[in-house]
Amino acid sequence: MRGLNDLVGMLKAAGESTRLRLLALLAEGDHSVKDLTEILGQSQPRVSRHLKLLADAGLIRRYAEGAWAYYGLAPAGEGGDLARWLIDRLDPSDAAYRGDRTRQAEIRAVQQAEAAAYFAKVAESWDLLKTLHVPEAAVEAAVLGALGGRQVDLVIDLGTGTGRMLEVLASAYKRGIGLDSSREMLAVARARLASAGLAHAQVRLADIADLDADIGLADVIVIHQVLHYFDDPGRMLAQARKLLKPGGEVLIVDFAPHDLEFLRSDHAHRRLGLSQGQMQGWADAAGLDVRSAQEFPSHNQDRGLTVCLWHLGDRTNTDKA
Ligand SMILES: C[S@@+](CC[C@H](N)C(=O)[O-])C[C@H]1O[C@@H](n2cnc3c(N)ncnc32)[C@H](O)[C@@H]1O
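Heads up, the sequence shown is in my numbering, so the first residue is 3 and it goes up one at a time.
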């Protein structure tokens, strides 16, 4: 419940066309100010002023990350509920709304294309690149350990890259499927899985931002060093859950928050790590519980990054299933 002044403040903040358009865009996922400026075709100071008013009224949240700031709707239970209620009443055929959604999709496509171009370039040397940053062996052992020696029917590895996770978990599944949008990465993965004799693992070309449940429902989904390439990891996680069996598990490995801007400029990262609070919020919104979070500090003191393994579980009660 809200006090009268608070509620009037929220309604005033939302009661303006650019700000309502901003709420509608953020209802589709987090964006940087730069994206929002391009989508709306307005100056950055103007867009920033509107965003500040919405944030001050508690309708949206600002997440500072290095030189960038991301905005998203406030969580459920806070001002985000009112924002969602309003957006649900917007006619999807409204011309301004449709134009914004089209530009939003175009901007996301350009970002994905930039990331794809980067991955095409690094496909052959990707494993070397990984070892520069993180204690890979300890992380891989923990990923396998998270399944506690069980063997499950289907593991789906989202953003499989060179297929390394399919290799690490090979003893833990009857069937493994890796999905990736980079043909170059998949070429390396196919060669690698074949030479390791892993006939029960396959990789396929797919955009994991737009998943199709026809792929099958997984007991375990793995998302290893992928979420930081997405402006809105929460949206990605909600997509992933569409491929999860009731009661299934999600293993996420990603960086803890850091300030290495060059990973954005030189290595196509969008988010500078993911915090425990963010993961909790995204998991919650996707209907998943965070069962554990384990941190792995880097061996490299100078340019090292801490890696985190999150073990999430689907909340659906499977007792009666
Ligand atoms: C940093 S690599 C991680 C690869 C692998 N999970 C690992 O840790 O070795 C990120 C991978 O995500 C893939 N990727 C990025 N955006 C994607 C998308 N929209 N759909 C499918 N794959 C995507 C890239 O092609 C790349 O192979």
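Note that beta-carbon positions come from the ideal geometry of N, C-alpha and C, so glycine has one too.
message = Using 9 Å as the threshold, is the C-beta distance between G165 and V228 below it?
response = No; because the gap between Cβ atoms is not below 9 Å, this pair is not in contact.
query = In or out: S184 buried (at least 16 other Cβ within 10 Å) or exposed?
reply = Around the beta carbon of S184, a 10 Å sphere encloses 16 or more other beta carbons of the protein chains shown; the residue is thus reported as buried.
task = Assuming I210 and M238 form a contact by the criterion Cβ under 8 Å, report the distance between their Cβ atoms to the nearest whole angstrom.
result = Rounded to whole angstroms, the Cβ separation of I210 and M238 is 7 Å, and the two are in contact under 8 Å.
request  = Could you spell out where the alpha helix (DSSP H) holding I89 opens and where it closes?
outcome  = It spans G82 to I89 - the alpha helix (DSSP H) in which I89 sits, taken as one unbroken run.
inquiry  = Let's test the definition: count the other Cβ atoms within 10 Å of the Cβ of H301 and tell me whether it reaches 16, buried, or not, exposed.
reply    = Per the 10 Å Cβ criterion, exposed.
key: Identity of the residue in R317, Q113 and V255 nearest E138 by Cα   = That would be V255, whose Cα lies nearest to the Cα of E138.
ask   = H260 and L307 look like a contact to me (Cβ under 8 Å); what is the Cβ gap, rounded to whole Å?
value = Yes, they are in contact, since the Cβ atoms of H260 and L307 sit about 5 Å apart, within 8 Å.
key: Other residues of its chain near L88: CB distance less than 8 Å, five sequence neighbours each side excluded   = Cβ contact annotation for L88 (same chain, cutoff 8 Å, sequence separation greater than five): A16, L22 and L25, in chain order.
request  = Would you mind sorting D90 into buried or exposed? The rule is 16 or more other CB atoms within 10 Å of its CB.
outcome  = With fewer than 16 other Cβ atoms within 10 Å, it is exposed.
Three-state secondary structure (DSSP) of K244 = Secondary structure of K244 (DSSP, three-state): coil.
task = Might you give, ordered along the chain, the residues of its own chain that have their beta carbon closer than 7 Å to the beta carbon of A98, omitting 5 neighbours on each side?
result = Closer than 7 Å at Cβ, skipping near neighbours: R23.
query = For the segment 45–58 against the segment 110–118, are there 3 or more C-beta pairs whose distance is under 8 Å?
reply = Counting C-beta pairs with one atom in each stretch, the segment 45–58 and the segment 110–118 have fewer than three that are closer than 8 Å, which means they do not touch.
key: C-beta contact flag for L253 and H313 at 9 Å   = Between L253 and H313, the gap from beta carbon to beta carbon is short of 9 Å.
query = Which residue from V224, L61, F232 and G5 puts its Cα closest to that of A148?
reply = Closest by alpha carbon: V224.
request  = Kindly provide the chain-ordered list of residues whose Cβ lies closer than 5 Å to any non-hydrogen atom of ligand 1.
outcome  = Those satisfying the condition are, in chain order, F121, G161, G163, R166, D182, S183, S184, M187, D209, I210, A211, H226, Q227, V228 and Y231.
ask   = For V10, does the count of other Cβ atoms within 10 angstroms reach 16, so buried, or fall short, so exposed?
value = Sixteen is the threshold: since fewer than 16 other Cβ atoms of the shown chains lie within 10 Å of the Cβ of V10, the residue is exposed.
query = To which residues does DSSP link A253 through a beta bridge?
reply = It should be noted that the sequence gives Leu, not Ala, for residue 253. Looking at the DSSP assignment, L253 forms a beta bridge with V224 and H313.
Secondary structure of Q113, DSSP reduced to three states = In the three-state DSSP reduction, Q113 falls in the helix class (H, G or I).
query = Is K322 helix, strand or coil by DSSP?
reply = Any answer about K322 is weak, because its pLDDT of 43 lies below 50 and its placement is not dependable; what the coordinates show is given next. DSSP places K322 in coil when its eight states are reduced to three.
key: Beta-carbon proximity check, L171 vs V145, cutoff 9 Å   = For the pair L171 and V145, the CB atoms are nearer than the 9 Å cut-off.
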